[in-house]
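What follows is a short report on a single structure.
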Ligand code: GH3
Ligand code: MG
Ligand code: MG
Ligand code: MG
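Residue numbers (our numbering): -5 to 301.
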C-alpha cells in the first residue's frame, strides 16, 4: 500500500542518512571521519551523481561543496529545490569560498546553512544535528497533516492530491486506473446498537482490512469521510481489480464483527468501482462514476460490489 509520505528522518530503527557531496574525495573522507557512527553516510563526487543518489536514497540532509566541475553545488541545490521529492531535503553548503557574494549565492540557491572551510568539527556536527532535528519535526508534521486521525490511513486531502497525480500518470502512460469506493452497510444502525466508541473501533478494523487487501506499492487506501473509504489502484486492469475486491470482501468477512441489522448478522461493505482506460477527463468524473456504482451496489441489497 502506498506510503507516499515524506521520508521520516531517523525513524527508531534507521539512523538518518547524510549525503556528502564534494569533487575531492579527500574532503569527503575528512567529513566522513567526523560524522561516521552517528549517521548512514552517503557520498557523491559530482552534482549529477548527488541528484541520482538523492532520488534513490532520499537522504535526510546534504553537505554540499560549492566548486565542482560540471554541475556546481549551487546548481545542484537549485535542481533539488525544483524537484518535488527532493525539495525538502536540507542542504548545508560547506565551502572554501568566503566572499559575501559567495555566501549570498548559497542562501539564494536554497541552502539552509553555510559552513566556511576550514571548519571546527564540533560546529559541523552540531549544525548537522540541529538541521536533522528540524527536518524530523517538519516530516512528522507533514505526515500528520495527511493522516486520518481515527483510522491511521491517509485522509481526503492526501487522496485528492494522489488521485490527481496518478490520473495524470495514467493518461501519460496510457494505463488503466481504478477507483473503489467502499461504504460500510447500515453503519448508523451499528452505532445505534453498540455506541460510537464501538463504531470507531469497527472503522479502524475496516481500515486495516482494506490496507491489508491492497498490496502494490502504488495502491492507496484513504478515508473519504464518515464510514466511507476510497481506494486508488493505479495500473490495474479488470482482473486485478476483481482480485482486490475479493480480498476486501474476504478480509471484511474475516473480521466477523457482529451487526444485528445486517442480513448476514455481521458487518459488511458495499463497493463501487470504476476502471478508466483512456480519455478520461477529470478526477471528479472518475469519482462520480465510482459513486454511481456504489449507489447501485447499495440498491441491489448491499454486501456486494459493482464494477
Ligand atoms: P448505508 O448502508 O446506506 O450506507 O447506511 P449507513 O447507515 O451506513 O449510512 P448513513 O450515511 O445513513 O450513515 C452513516 C453513519 O456513519 C452515520 C454515523 O452514525 C456513522 N459515522 C460516520 N462517521 C463516523 C465516525 O467517525 N465514527 C462513528 N462511530 N460513526 C460514524
Ligand atoms: Mg570542490
Ligand atoms: Mg454506509
Ligand atoms: Mg456513507
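Virtual Cβ for every residue (Gly too), placed ideally from N, Cα, C. For clarity, every value in this text was computed on a predicted model and none was experimentally measured.
(request) Say whether chain D places a C-beta atom closer than 9 Å to the C-beta of residue 245. (result) Absence of chain D from the displayed structure is noted, only one protein chain being present.
(request) Have a look at residue 196 and residue 9 and give me their C-alpha separation to the nearest angstrom. (result) C-alpha separation (whole angstroms): 36 Å.
(message) For residue 203, report the span of its alpha helix (DSSP H) as first-last.
(response) Residues 190 to 207.
(request) Measure the CB-CB distance between residue 171 and residue 288 and report whether it falls below 9 Å. (result) With respect to the 9 Å criterion, residue 171 and residue 288 are not classified as neighbours on the basis of their beta carbons.
(message) Among 250, 270, 276, whose alpha-carbon lies nearest the alpha-carbon of residue 230?
(response) The shortest C-alpha separation from residue 230 is found at 270.
(message) Out of 278, 219, 38, 208, which one is the CA nearest neighbour of residue 235?
(response) Each of 278, 219, 38, 208 was checked against the Cα of residue 235, and the nearest Cα belongs to 208.
(message) Spatial neighbours of residue 40 within its chain, please: C-beta separation below 7 Å, excluding the five flanking residues on both sides.
(response) So the list reads 17, 62, 64, 65, once near-sequence residues are dropped.
(request) Classify residue 158 as buried or exposed, calling it buried when 16 or more other Cβ atoms lie within 10 Å of its own Cβ. (result) The residue in question, residue 158, is exposed, as its Cβ has fewer than 16 Cβ neighbours within 10 Å.
(request) For residue 176, write down the residues that DSSP places opposite it in a beta bridge. (result) DSSP output for residue 176 lists 223, 265 as bridge partner(s).
(message) Taking 6 Å as the limit between beta carbons, can you name the residues of its chain near residue 74, skipping five residues before and five after?
(response) So the qualifying residues of the chain are 80.
(message) Check this for me: beta carbons of residue 15 and residue 37, under 9 Å apart or not?
(response) It is a contact, given that the beta carbons lie within the stated cut-off.
(message) By the DSSP assignment, the beta strand (DSSP E) with residue 85 in it spans what residues?
(response) Here the beta strand (DSSP E) through residue 85 covers 85 to 89.
(request) State the DSSP-derived secondary structure class of residue 60, mapped to helix, strand or coil. (result) The three-state reading of DSSP puts residue 60 in coil, since its state is none of H, G, I, E or B.
(message) What residue range does the alpha helix (DSSP H) around residue 69 cover?
(response) It spans 67 to 76 - the alpha helix (DSSP H) in which residue 69 sits, taken as one unbroken run.
(request) Answer yes if the stretch 245 to 256 comes into contact with the stretch 208 to 223, meaning at least three C-beta pairs across the two stretches below 8 Å, and no otherwise. (result) Flag = no, the stretch 208 to 223 and the stretch 245 to 256 do not touch.
(message) Between residue 14 and ligand 3, is there a pair consisting of the residue's CB and a ligand heavy atom that are separated by less than 8 Å?
(response) For residue 14, the CB stays at least 8 Å from every heavy atom of ligand 3.
(message) Taking 6 Å as the limit, name every residue whose beta carbon sits nearer than that to some heavy atom of ligand 4, in sequence order.
(response) Every residue with a CB closer than 6 Å to a heavy atom of ligand 4 is listed here in chain order: 177, 220, 221, 222.
(message) Quick check on residue 93: buried or exposed, where buried means 16 or more other Cβ atoms within 10 Å of its Cβ?
(response) Classification for residue 93: exposed.
(message) Which of the three DSSP states is assigned to residue 34 in this structure?
(response) If DSSP states are grouped into helix, strand and coil, residue 34 belongs with the strands.
(request) Alpha carbon to alpha carbon, how far is residue 189 from residue 254? Give it in angstroms, no decimals. (result) Roughly 13 Å separates the two Cα atoms.
(request) Kindly indicate which three-state DSSP category residue 19 falls into: helix, strand or coil? (result) Correct three-state label for residue 19: helix.
(message) Looking at ligand 3, does it come within less than 8 Å of residue 181, judged from the CB to the closest heavy atom?
(response) At least one heavy atom of ligand 3 is nearer than 8 Å to the Cβ of residue 181, so yes.
(message) residue 268 and residue 173 - do their beta-carbons sit closer together than 9 Å?
(response) Going by C-beta atoms, residue 173 is nearer than 9 Å to residue 268.
(message) Considering only heavy atoms of ligand 2, does any lie closer than 8 Å to the CB of residue 54?
(response) No, ligand 2 has no heavy atom inside 8 Å of this Cβ.
(message) Using CA atoms only, rank isn't needed, just tell me which of 275, 151, 243 is closest to residue 261.
(response) Ranking the options by Cα distance to residue 261, first place goes to 243.
(request) May I ask you to report which of helix, strand or coil DSSP gives residue 153? (result) Residue 153 carries a helical assignment under DSSP once its states are collapsed to helix, strand and coil.
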